[in-house]
Amino acid sequence: MGFVQRCLRAGIMGAALLAPVLITGCASHATVRVYDPYYNDYHVWNSYEVGYYRQWTVETHRPYREFRELPPPEQREYWAWRHGRPGPPPR
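Just so you know, we're using the working numbering here: the sequence shown kicks off at 1 and counts up by one.
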């Protein structure tokens, strides 16, 4: 009986130590939604939206920086530009 209890305890300890690693790995796949207050809608900020954002920085001759770091007037410019570009995202 002692051997079975030791194996069970080792399995529980292993699962307890491994759980945070597995949970953290799943966090990278979380969906980020960004609210566009000018058009009152949400956009999923994924690789497609990043492609649009990079295209906007190139077309407007701006240095790339994180969208959340842009001042509100520049975010508004991006959303106005973005809503004028329906269709498939750039590749």
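Yeah, the Cβ is synthetic: ideal placement off N, Cα and C, and Gly gets one too.
Item                                                                                                                          : Value
I need the DSSP call for V50, collapsed to helix, strand or coil.                                                             : helix
Could you name the residues that DSSP lists as bridge partners for V44?                                                       : R33
Are Y48 and F67 touching if we call contact CB-CB under 8 Å?                                                                  : no
Just reading off the alpha helix (DSSP H) that P72 is part of, what are its end residues?                                     : P72 to H83
Check each candidate in R85, G84, W79 and P86 and name the one with the smallest Cα separation from N40.                      : W79
Give the secondary structure of R65 by DSSP, where H, G and I count as helix, E and B as strand, and everything else as coil. : coil
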